[in-house]
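To keep things clear, I will list the structure first and then write my remarks on it.
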Amino acid sequence: MADASEFGNIFAELRLIFRSLESKLDIIKDDAAEFCANSRKPWSNGKELYFGGAVIKKNYVSFYLMPVYMYPDLLDGTTEALRKRMQGKSCFNFTKYDRPLIRELATLTKVSFERLRNEGYA
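Residue numbers for the sequence shown follow numbering that gives the first Met the number 0, so the first one is 0 and each next one is one higher.
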């Protein structure tokens with residue numbers, strides 16, 4: 000069972016991952032329960048490119064990272080423990096604070112941003 004009392008701390012740590020890139024992203028929402036950021040360069044069709052975000056939900060805290068959907072090979076080399084947190088192709092759910100996995104996710108996020116930049120989307 001999830002300990003919702005930890006969700007605020009989990010969210011704060013996940014939010015910091017994106018905040019470390021804030022000078023390179025457009026922050027579109029930042030409040031006590033949701034954080035969302037877009038890439039500064041749009042898709043070729045001119046639409047905004049959602050980079051990722053974190054959201055406190057009822058039973059877990061979700062971390063969305065769109066580049067891993069766009070480039071699944073970014074997940075090569077991630078631990079099985081982090082992959083077990085995945086729901087769908089670009090969402091990671093946390094029900095408890097797990098510092099090693101949050102650090103791994105921070106590294107994955109930075110690598111994902113670099114990939115977007117190399118592809119011309121950041």
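For every residue, glycine included, the Cβ atom is placed at its ideal position computed from N, Cα and C.
Taking C-beta to C-beta, are residue i and residue j nearer than 8 Å?
{"i": "residue 112", "j": "residue 20", "result": "yes"}
{"i": "residue 96", "j": "residue 9", "result": "yes"}
{"i": "residue 103", "j": "residue 81", "result": "yes"}
{"i": "residue 101", "j": "residue 5", "result": "no"}
{"i": "residue 117", "j": "residue 94", "result": "no"}
{"i": "residue 61", "j": "residue 35", "result": "no"}
Closest to residue i by C-alpha separation, out of the options, would be which residue?
{"i": "residue 28", "options": "118, 106, 51", "result": "51"}
{"i": "residue 7", "options": "22, 116, 118, 33", "result": "33"}
Any idea if residue i is buried or exposed, counting beta-carbon neighbours within 10 angstroms, 16 or more meaning buried?
{"i": "residue 37", "result": "buried"}
{"i": "residue 98", "result": "exposed"}
{"i": "residue 108", "result": "buried"}
{"i": "residue 53", "result": "buried"}
{"i": "residue 22", "result": "exposed"}
{"i": "residue 66", "result": "buried"}
Residue i bridges to which residues according to DSSP?
{"i": "residue 92", "result": "61"}
*Jot down the residue ranges of each uninterrupted alpha helix (DSSP H) in the region 11–87, minimum 4 residues, whole runs only, in chain order.*
66–69, 79–83
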